[in-house]
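Numbering (this note's numbering), first residue to last: 3 to 589.
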């Protein structure tokens, strides 16, 4: 991939757009946005030159230094919003706010959600407001960057499509909240925003850029992609369908948890507190803490390998007085290799557990894992790479395939690069559903089947019905394609004065065997509002009950498509699309 500052690559794009008819050209600018817990990134490409992806490296407040990521921080000041590198080390700011989008996930110990919510109240905002404001800052800077590279005339008259990434472990509600926040920015100006899961985006880039010899198509081989970021670690497995053009499908249901590299920082802070003692730790100047954390992040965390060549690691603690007992000398704290390993291991073991689970799931399907592809910021860790390599070398390697753990180039930006590629071509053909999906409904009461608590009398049909029943239409692990939809058949009756706007409840469950009726394992995904007012009267059936009350009935289907990180719905009667379906996600 070419650097975003490469004169050659920008010249190539300029040559390709010279003869473009601004009014009728179908080519687009595709922008990938990796909105992360601790850092975020943006990349872009032009469909007229699809092999070139440009990662934004220059940021406001960056003092002319380059970085492929910008801190996910925002501060509300009297003179306006400060974000990313504009937020100074001592400035009061909101960070890790992305985690508030999914309250069902247990946050890591170092993140205090009550503190974040208190900051939100202080600024009279909810989390979607903050996400929207941060994404707006990313959008504004992206447009500035594109304009500088391509010119305002071309940018103003070319469709710009945004592909936004989100964690695979997020609920549908959280994904929708992210999308709604993004749609409140300029990103939705020229075309619809699309979502893609972070591990899928990473997999697309990684598999696309691997050496051809590593993409040998066999009947039973799969690749496990481990996207280890700052907050989350997501696992997803693919099997190769074909290599030219590249087509893949998900092998098993993906997994993921909050166990990213930010946990290493907090464990380091806990280590320092224990080494110095609580009193000395809290008395330490804030500048000293920041310098120490920077030294840890930029030096030890990146280069640490459990090897014999380095027994101690000096970490900067400027201004801290010498203390031989605590290993402090001339502004440096000496940390042994064993101590660094002790900081790493609990987090590494969580990642290994996730990888083990994904490999076991693949093998249970009668398939073999050929390679583990390690991507993401945490995925760049030498220690994580060596731990996985040492663990799986003997288990998975063969004579023809000795290198089972691969760490692709540009792994920190794999997600955002993959998002751009996804905007240009479809590589993933099918995915595995992460949940059972169904609809809450009623049926005629049967005392041998239904609980008395669900029994009620329907005055129109004059029948005893059982409410809160669930019809499951998609099983967890079902192979889904974007080109295919799942049909939910419905039959509804109306009296003449009834509204033709219906509300149905889409539910989901992660259990292996979902229940037949609503219980604590079932979660409401969204309320589906179907407007039937445009359905011709001729398609309704008519009936009359014993009280001579006339009613109308209608058979219709709800079509649901499961995308990488979104759900789409439409309503059909006799195969013809009618009306409108809107999804109101649970709050």
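All C-beta atoms, glycine included, are put in the ideal place defined by N, C-alpha and C.
Predicted model, so just to flag it, every value in this text is computed and none were measured.
| Query | Result |
| --- | --- |
| Label residue 504 either buried or exposed according to how many other C-beta atoms from any shown protein chain fall within 10 Å of its C-beta, with 16 as the threshold for buried. | buried |
| DSSP state of residue 196, grouped into three classes? | strand |
| Taking all protein chains shown into account, decide if residue 124 is buried (16 or more other Cβ within 10 angstroms of its Cβ) or exposed. | exposed |
| Do residue 199 and residue 2 come within 7 Å of each other at the CB atom, strictly closer than that value? | Residue numbering for the chain in the displayed model covers 3 to 589; residue 2 lies beyond these limits and cannot be assessed. |
| Please report the residue range of the alpha helix (DSSP H) in which residue 290 lies. | 288 to 297 |
| Among 163, 360, 203, which residue has its Cα nearest to the Cα of residue 185? | 163 |
| In the structure shown, what three-state DSSP assignment does residue 432 receive? | strand |
| Using alpha carbons as the reference points, say which of 388, 487, 142, 363 lies closest to residue 190. | 142 |
| Excluding five sequence neighbours on each side, which residues of the same chain lie with their C-beta closer than 7 Å to the C-beta of residue 91? | 292 |
| Whether or not the region 555 to 563 and the region 483 to 493 are in contact is what I'm after, with contact meaning three or more pairs of Cβ atoms, one per stretch, closer than 8 Å; do they touch? | yes |
| Any chance the region 377 to 391 sits against the region 403 to 422, with 3 or more Cβ pairs inside 8 Å? | yes |
| What residues match up with residue 85 in a beta bridge as DSSP calls it? | 76 |
| Assign residue 490 to one of three DSSP states: helix, strand, or coil. | strand |
| Tell me the residue span of the beta strand (DSSP E) that contains residue 316. | 314 to 318 |
| Quick check on the DSSP output: the alpha helix (DSSP H) that includes residue 339 runs from which residue to which? | 339 to 366 |
| When DSSP labels each residue in this structure, what does residue 178 get in the three-state scheme? | helix |
| Buried or exposed for residue 340, going by 16 or more other Cβ atoms inside 10 Å? | exposed |
| Short of 8 Å in beta carbon distance, which residues of its chain neighbour residue 61, apart from the five on each side in sequence? Order them along the chain. | 69, 72, 86, 87, 143 |
| Does the beta-carbon of residue 324 have 16 or more other beta-carbons within 10 angstroms, so that it is buried, or is it exposed? | exposed |
| How would you call residue 459, buried or exposed, if buried means at least 16 neighbouring beta carbons within 10 angstroms? | exposed |
| Within the chosen definition, does the region 273 to 285 reach the region 234 to 247 through at least 3 CB pairs nearer than 8 Å? | no |
| Check the C-beta distance from residue 426 over to residue 487 and give it rounded, since I have them as a contact under 8 Å. | Contact doesn't hold; Cβ gap of about 24 Å is too wide. |
| Indicate whether residue 416 and residue 353 have their beta-carbon atoms separated by less than 7 Å. | no |
| In the DSSP assignment, what residue or residues form a beta bridge with residue 442? | 472 |
| Since residue 229 is in the beta strand (DSSP E), which residue starts that stretch and which ends it? | 223 to 230 |
| Can you tell me whether residue 178 is buried or exposed, with buried defined as 16 or more other CB within 10 angstroms of its CB? | buried |
| Leaving out the 5 sequence neighbours to the left and right, which residues in its chain are closer than 7 Å to residue 23 when beta-carbon positions are compared? | At residue 23 the pLDDT is 38, less than 50, meaning the model places this residue with poor confidence; the figure from the coordinates comes in the next sentence. So no residue of the chain qualifies. |
| Taking buried to mean at least 16 other C-beta atoms within 10 Å of its own C-beta, is residue 335 buried or exposed? | buried |
| Keeping to the same chain, check which residues put their C-beta closer than 7 Å to that of residue 447; ignore five residues upstream and five downstream. | 457, 466, 467, 468 |
| Using a threshold of 7 Å, state whether the C-beta atoms of residue 206 and residue 423 are closer than that. | yes |
| At least one CB of chain D closer than 7 Å to the CB of residue 464: is that the case? | No chain D is present in this structure, which holds just one protein chain. |
| Assign residue 264 to one of two classes, buried (16 or more other C-beta atoms within 10 Å of its C-beta) or exposed (fewer than that). | buried |
| Counting only runs that start and end within the region 256 to 289, where is the alpha helix (DSSP H) found for 4 or more residues in a row? | 264 to 278, 280 to 285 |
| Is the region 150 to 161 in contact with the region 126 to 141, if contact means three or more CB pairs nearer than 8 Å? | no |
| Only counting the same chain, and skipping five residues up and downstream in sequence, which positions put a Cβ closer than 6 Å to that of residue 64? | 87 |
| Hey, how far is the Cα of residue 598 from the Cα of residue 256? | Residue 598 is absent from the structure shown; the chain starts at 3 and stops at 589. |
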